[in-house]
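In my numbering, the protein residues as written are 444 to 775.
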């Protein structure tokens, strides 16, 4: 998630509030047996030909030439998220991996992401995918405005919502705003399970695959279930946002080993939803969308021992394997 980014201390997990198991815990246990998967998706890319300018592909710093903001290069080239054929291909790939829900980044009413949401929804539904909305920290977002947005978007048939950076507003404000919402599941991006419960969220997710390596997923989900929340830890292939942001943190992909490890610990954590960061957040280097070798950009060569064309889709194939294991657990 480019822009304002909150790096969450792993120590915060240990400080999460633990309370007695509430009456709603049975719902959480039932959901755990269903074993869902979701993936974060970004409809924010623009090109001069289709959209009149670049967005999210290049960074411009004062006095410098615009620089490509990703260390990888898409196999499809630098595309526009307003291109129906591209979006349809994305959703086809996501569905082919067996993933159940695509979580679309959304930056408020009237934003480019809002205007492109119908395109993403239509393509997703053509391929049998559920759609959730990722409520980003758009300018002026408050618990009340977020609740109003959720109520409006629910009318389009969307029932799952992920609220990024939920801790920036008081739990009491969230609880008041969300109290009258029915027929939806709302996941809060926070490590404080007790606070999330007090805020009226139905679940929690981690999103950040730079700081989080999965070592605390079991504790995180145990605490979430204890307070009656759904747990949706996020797995990802790696992290490197140095070209796009001042962030210096790097989590190497290790030729696929990082991704495999995060999946293993997520499955052992009894997660209700395994959320994947991400399909196409190229600026932070968390994408699993196919990439190819370009000058100065390595592609995925070496991942699981693959080279050349076979390497371009390596993360799609690995995801399909892990989602199949997730579904197998649900049948046990």
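Here a beta-carbon is modelled for each residue, glycine too, at the ideal position from N, C-alpha and C.
Is residue i near residue j, with beta carbons less than 7 Å apart?
i, j, result
"residue 607", "residue 718", "no"
"residue 681", "residue 701", "yes"
"residue 726", "residue 512", "yes"
"residue 734", "residue 501", "no"
"residue 636", "residue 672", "yes"
"residue 556", "residue 487", "yes"
"residue 628", "residue 592", "no"
"residue 642", "residue 614", "yes"
"residue 541", "residue 581", "no"
"residue 525", "residue 569", "no"
"residue 652", "residue 605", "no"
"residue 713", "residue 664", "yes"
Are there 16 or more other CB atoms within 10 angstroms of the CB of residue i, so buried, or fewer, so exposed?
i, result
"residue 742", "buried"
"residue 754", "buried"
"residue 599", "exposed"
"residue 464", "In this prediction, residue 464 scores a pLDDT of 36, lower than 50, which makes its location untrustworthy; no coordinate-derived value is stated."
"residue 585", "exposed"
"residue 559", "buried"
"residue 696", "buried"
"residue 738", "exposed"
"residue 761", "buried"
"residue 709", "buried"
"residue 435", "Here the chain has residues from 444 to 775 only, and residue 435 is not among them."
Take residue i and list the residues in its own chain whose beta-carbon comes closer than 6 Å to its own, dropping the five residues that flank it on each side.
i, result
"residue 650", "632, 677 and 720"
"residue 531", "566"
"residue 706", "678 and 765"
"residue 736", "742"
"residue 655", "649"
"residue 544", "481, 573 and 575"
"residue 509", "501 and 503"
"residue 683", "514, 693 and 728"
"residue 747", "699 and 757"
"residue 609", "631, 632 and 633"
Based on Cα-Cα distance, which residue from the options lies nearest to residue i?
i, options, result
"residue 481", "644, 694, 728 and 548", "548"
"residue 535", "763, 770, 773 and 767", "763"
"residue 645", "571, 552, 619 and 674", "674"
"residue 704", "657, 666, 611 and 542", "657"
"residue 571", "537, 622, 738 and 507", "537"
"residue 698", "731, 528, 596 and 563", "731"
"residue 601", "527, 561, 751 and 711", "561"
"residue 751", "507, 539 and 518", "518"
"residue 667", "634, 685, 529 and 694", "634"
"residue 692", "729, 708 and 710", "729"
"residue 563", "583, 533 and 684", "533"
"residue 529", "554, 485, 553 and 709", "485"
Using C-beta distances below 8 Å, list every residue in its chain close to residue i, excluding the 5 sequence neighbours before and after it, in chain order.
i, result
"residue 749", "743 and 757"
"residue 687", "445, 502, 512, 513, 726 and 727"
"residue 462", "Any reading at residue 462 must be qualified, since the residue scores a pLDDT of 36, below 50, and its modelled position is unreliable; no value is offered."
"residue 624", "590, 593, 594 and 597"
"residue 622", "643"
"residue 612", "585 and 586"
"residue 626", "597 and 602"
"residue 523", "488, 489, 490, 492, 493, 494 and 529"
"residue 775", "none"
Closer than 7 Å by C-beta to residue i: which residues in its own chain qualify, once you throw out the five before and the five after it? Chain order, please.
i, result
"residue 521", "490 and 500"
"residue 478", "769, 770, 772 and 773"
"residue 740", "514, 515 and 516"
"residue 466", "Unreliable placement is indicated for residue 466, whose pLDDT of 35 sits below 50; the coordinate value is still reported in the next sentence. Nothing listed; no residue qualifies."
"residue 587", "620"
"residue 496", "489"
"residue 470", "Because the pLDDT at residue 470 is just 32, under 50, the model does not fix this residue reliably, and the point stays unresolved."
"residue 616", "586"
"residue 767", "541"
"residue 429", "Here the chain has residues from 444 to 775 only, and residue 429 is not among them."
Length-filtered (3 minimum) beta strand (DSSP E) runs lying within the segment 692-741: 716-719
Uninterrupted alpha helix (DSSP H) stretches inside the segment 610-681 (no shorter than 4 residues): 614-621, 636-641 and 660-669
Sequence ranges, beta strand (DSSP E) only - wholly within the segment 493-570, length at least 3: 544-549
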